[in-house]
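Novice:
Residue numbers (the working numbering), protein chains in the order written: chain L, 1203 to 1546; chain F, 244 to 565.
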């Protein structure tokens, strides 16, 4: 049952063809994400974002593949470094900027911030900070779909190697296999849980080995190679949709940022920065485009310009919007208003 | 016909499964031919195939799965085998279910049944009353039925409510309480009930302690004191109006609860009454809880650990002398 996929982008492709038929589409989501997140970092450093900024630099290739193959009716449970996947899944940019800038009109209305956002009614689950918790929630959404007689759906939940060490993750993976729901878990090993390196996180040879223990099918891949990410994660989504057991994909990358922008990541060693998995997936993908002459330099520049314009517009729009106000807030944690306790 | 508190819980679930296709039951040992550690789901798996499902010993994932299903339109009922084990699922209950509506505007209609409270010989890990912990956190409704009738109607109501409900059913009442028949309808959720009228003091309680309070009131009546007993029914929301109205009549307040003494439901009742109705009180309000130790195994220790009719009555007598 246990398999690995580690082919390189060039192994099956013709010299002039993209390594995957959705390669360029995925690249543009990655580019948009990098542009957006660099802008968010600037705003944070300029004191315009309260709280924190958490970016997915170095993980965009894995993330975009997570969002790209999901269809209408599928469930997506992204985590903190999944902007590329969220965008590919359909999250509007304005949701991001509204949440980071605290607009009252955003999906979280200033009640939650930064990456803690979602649209449960549109099947994008809103993560909580407690890692591993969203795996079983995703399982539940899939069970509901099965109860309701829906067909041809999958769920995809993201996790990191840090989150893979939680009890919640373990329970969630196990119950997914027991319930035989069409779930894909994509675990991105970015080699640091905040500042803690892999050797203090787990002691097994390879995290993908756990797949067989849970009754999942497992795949590992080079997360810096967009073509491979699209092949392997796209394949896992396809297999889950076709009724195969739940799928685990473990991607290897290096987090090319701090845990958040408050963190200078000074603990990341020079040695690890020289590892193959430390490549910048966006640069690797762009080099593939150039090497294979998939689009010309002008087009690439045009895409960059367009991404910058989209980001600027989303930020400008959100900045014009009203902030929540304490004395006008609806301080009600229940939807059943007549059951709200009164402390007045 | 006579029906027990436990049978009422089973009947409520049978009715829910019968009338609402969104309902399913999820928990350890609830399915198959076993029907749960206390048989609260006995026979339901056979009657409703595929809708009463055994789970692994994974409280976190059981609740997480229920949350996901609820977000997608189902009405799951989770049975925790013992309330004590819900501590494993605290994260999902408090941080996921309890925050979800506030954060996303999408409610999470789950019902979590907690077989609660002590029985002889059950010890530290099969006897706990968790209502005060759940009531402390936002976004949850906490039910504590004290009668067979409420056990039935409140469970049906819990599943109808769009928000997460922690339904604390008391194990001591499972077999001890009986009713002639089950009602069609109960009091509205969030409304306390005057379980016994009286003029001399108010005893506010819930769940099994309400029954102990009624017994204490009978003891006091033989001595010429008439205690009014208020059954909170839900500890959250807390019906302070009914409590205050009772204290206005009696001028004295005693609260009895089975959870540990630091903070909690009884402290909350006293806080509300003293802040909103200080002028109504003729004496300092009092409360009785379990002792501030883990719950003991031996029956001699267990019966001394929790409040009972005798020490509730003793506390009431002291309050009446104030």
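Built from N, CA and C at the ideal position, the CB exists for glycine as well.
Exposed or buried, which one is residue 290 (chain F) when buried takes at least 16 other CB atoms within 10 Å?
Specialist: Exposed: under 16 other Cβ atoms inside 10 Å.
Novice: In the segment 294-352 of chain F, which residue ranges form an unbroken beta strand (DSSP E) of at least 3 residues, counting only runs that do not cross its ends?
Specialist: Those beta strand (DSSP E) runs which fall completely within the segment 294-352 of chain F and span 3+ residues are 295-297 and 318-322.
Novice: Please check if any C-beta of chain F sits within less than 8 Å of the C-beta of residue 1276 (chain L).
Specialist: It does not: the Cβ of residue 1276 (chain L) has no partner Cβ on chain F nearer than 8 Å.
Novice: Kindly confirm or deny that the segment 336-355 of chain F and the segment 1321-1338 of chain L touch, where touching means at least three C-beta pairs closer than 8 Å.
Specialist: Judged by Cβ distances under 8 Å, the segment 336-355 of chain F makes contact with the segment 1321-1338 of chain L, as three or more pairs qualify.
Novice: Classify residue 300 (chain F): buried if its beta carbon has 16 or more other beta carbons within 10 angstroms, exposed otherwise.
Specialist: By the 10 Å Cβ count, residue 300 (chain F) comes out exposed.
Novice: DSSP beta-bridge partners for residue 282 (chain F)?
Specialist: Looking at the DSSP assignment, residue 282 (chain F) forms no beta bridge with any residue, so it has no partner.
Novice: Within the 8 Å Cβ cut-off, does residue 1305 (chain L) reach chain F?
Specialist: By this cut-off, residue 1305 (chain L) is not an interface position.
Novice: Compare the C-beta of residue 524 (chain F) with all C-beta atoms of chain L and state if any pair is closer than 8 Å.
Specialist: No, no contact with chain L.
Novice: Here's a check: name, in chain order, each residue in its chain whose Cβ is nearer than 6 Å to the Cβ of residue 1410 (chain L), leaving out the five neighbours to either side.
Specialist: Same-chain partners within the cutoff: 1420, 1422 and 1452.
Novice: If you run the structure through DSSP and keep just helix, strand and coil, what is residue 1260 (chain L)?
Specialist: Reduced to three states, the DSSP call for residue 1260 (chain L) is coil.
Novice: Residue 310 (chain F) CB to nearest chain L CB: under 8 Å?
Specialist: So yes, residue 310 (chain F) belongs to the interface.
Novice: So the candidates are F:325, F:465 and F:330; which of them puts its Cα closest to the Cα of residue 279 (chain F)?
Specialist: Checked all of F:325, F:465 and F:330; the closest Cα to residue 279 (chain F) is F:325.
Novice: Could you list the residues in the segment 345-366 of chain F with a C-beta less than 7 Å from some C-beta on chain L, going in chain order?
Specialist: Per Cβ criterion, the list reads 345, 346, 347, 349 and 350.
Novice: When DSSP labels each residue in this structure, what does residue 413 (chain F) get in the three-state scheme?
Specialist: In this structure, residue 413 (chain F) counts as strand in the three-state DSSP scheme.
Novice: Are residue 252 (chain F) and residue 283 (chain F) close, meaning C-beta to C-beta below 8 Å?
Specialist: Yes, they are a contact pair.
Novice: When you compare only the Cα positions, how much space is there between residue 1211 (chain L) and residue 1229 (chain L)?
Specialist: Interpretation of residue 1211 (chain L) is limited by its pLDDT of 41, a score under 50 that renders its predicted location unreliable; the figure taken from the coordinates is listed afterwards. Going by the C-alpha atoms only, they are around 14 Å apart.
Novice: Please list the segments of the beta strand (DSSP E) lying wholly inside the segment 1368-1404 of chain L, counting only runs of 3 or more residues, in order along the chain.
Specialist: Listed in chain order, the complete beta strand (DSSP E) runs (minimum 3 residues) inside the segment 1368-1404 of chain L are 1385-1391.
Novice: Residues of chain F with CB closer than 9 Å to the CB of residue 1412 (chain L), please, in chain order.
Specialist: Those within 9 Å of residue 1412 (chain L) in chain F number zero; the least Cβ separation is about 16 Å.
Novice: Starting from the Cα of residue 1356 (chain L), find the closest Cα among L:1256, L:1269, L:1463 and L:1265 and give me that residue.
Specialist: With distances taken between Cα atoms, residue 1356 (chain L) lies closest to L:1269.
Novice: When the Cα atoms are used, what is the spatial distance from residue 1353 (chain L) to residue 1447 (chain L)?
Specialist: So the two alpha carbons sit approximately 16 Å from each other.
Novice: Would you mind giving the Cβ-Cβ distance between residue 1297 (chain L) and residue 1287 (chain L), rounded to the nearest angstrom? I have them listed as a contact below 8 Å.
Specialist: Contact doesn't hold; Cβ gap of about 14 Å is too wide.
Novice: DSSP three-state call for residue 1330 (chain L): helix, strand or coil?
Specialist: Three-state result, residue 1330 (chain L): coil.
Novice: Would you say the segment 1270-1290 of chain L touches the segment 1494-1510 of chain L, given that touching needs at least three Cβ pairs under 8 Å?
Specialist: Because the criterion of three Cβ pairs below 8 Å is not met, the segment 1270-1290 of chain L and the segment 1494-1510 of chain L do not touch.
Novice: What does residue 1322 (chain L) touch in chain C if you count any residue whose Cβ is under 8 Å from its own?
Specialist: No chain C is present in this structure, whose protein chains are L and F.
Novice: Return helix, strand or coil for residue 1536 (chain L), following the three-state DSSP convention.
Specialist: Three-state result, residue 1536 (chain L): coil.
Novice: Apply the 10 Å Cβ neighbour rule to residue 1213 (chain L) and answer buried if 16 or more other Cβ atoms are within range, or exposed otherwise.
Specialist: Unreliable positioning characterises residue 1213 (chain L) in this predicted model, as indicated by a pLDDT of 45, which lies under 50. A coordinate reading is not provided.
Novice: Could you tell me the distance, in whole angstroms, from the CA atom of residue 1467 (chain L) to the CA atom of residue 1456 (chain L)?
Specialist: Distance between the alpha carbons of residue 1467 (chain L) and residue 1456 (chain L): 12 Å.
Novice: What is the DSSP secondary structure of residue 397 (chain F), reduced to helix, strand or coil?
Specialist: The answer is helix: DSSP assigns residue 397 (chain F) an H, G or I state.
Novice: Compute the distance between the beta-carbons of residue 397 (chain F) and residue 388 (chain F), then report whether it is under 8 Å.
Specialist: Yes, the Cβ-Cβ distance between residue 397 (chain F) and residue 388 (chain F) is below 8 Å.
Novice: Considering only residues of the segment 430-502 of chain F, which uninterrupted alpha helix (DSSP H) runs meet the minimum length of 4 residues and lie entirely inside it, listed in chain order?
Specialist: Counting whole runs of 4 or more residues, the segment 430-502 of chain F contains the alpha helix (DSSP H) stretches 450-465 and 483-493.
Novice: Cβ closer than 7 Å: which chain F residues qualify as neighbours of residue 1314 (chain L)?
Specialist: Correct list: 346.
Novice: Mind checking residue 368 (chain F): buried by the 16 CB within 10 Å criterion, or exposed?
Specialist: Per the 10 Å Cβ criterion, exposed.
Novice: Per DSSP, which residues does residue 1492 (chain L) bridge with? Please list them.
Specialist: BP columns for residue 1492 (chain L) are empty, so no partner.
Novice: For residue 1376 (chain L), which residues in chain F fall below 8 Å Cβ to Cβ?
Specialist: Simply 299, 301 and 304.
Novice: At the level of alpha carbons, what is the spacing between residue 270 (chain F) and residue 257 (chain F)?
Specialist: Roughly 16 Å between the two C-alpha positions.
Novice: So residue 500 (chain F) and residue 448 (chain F) are supposed to be a Cβ contact under 8 Å. How far apart are they, rounded?
Specialist: Residue 500 (chain F) to residue 448 (chain F), Cβ: 7 Å. Contact.
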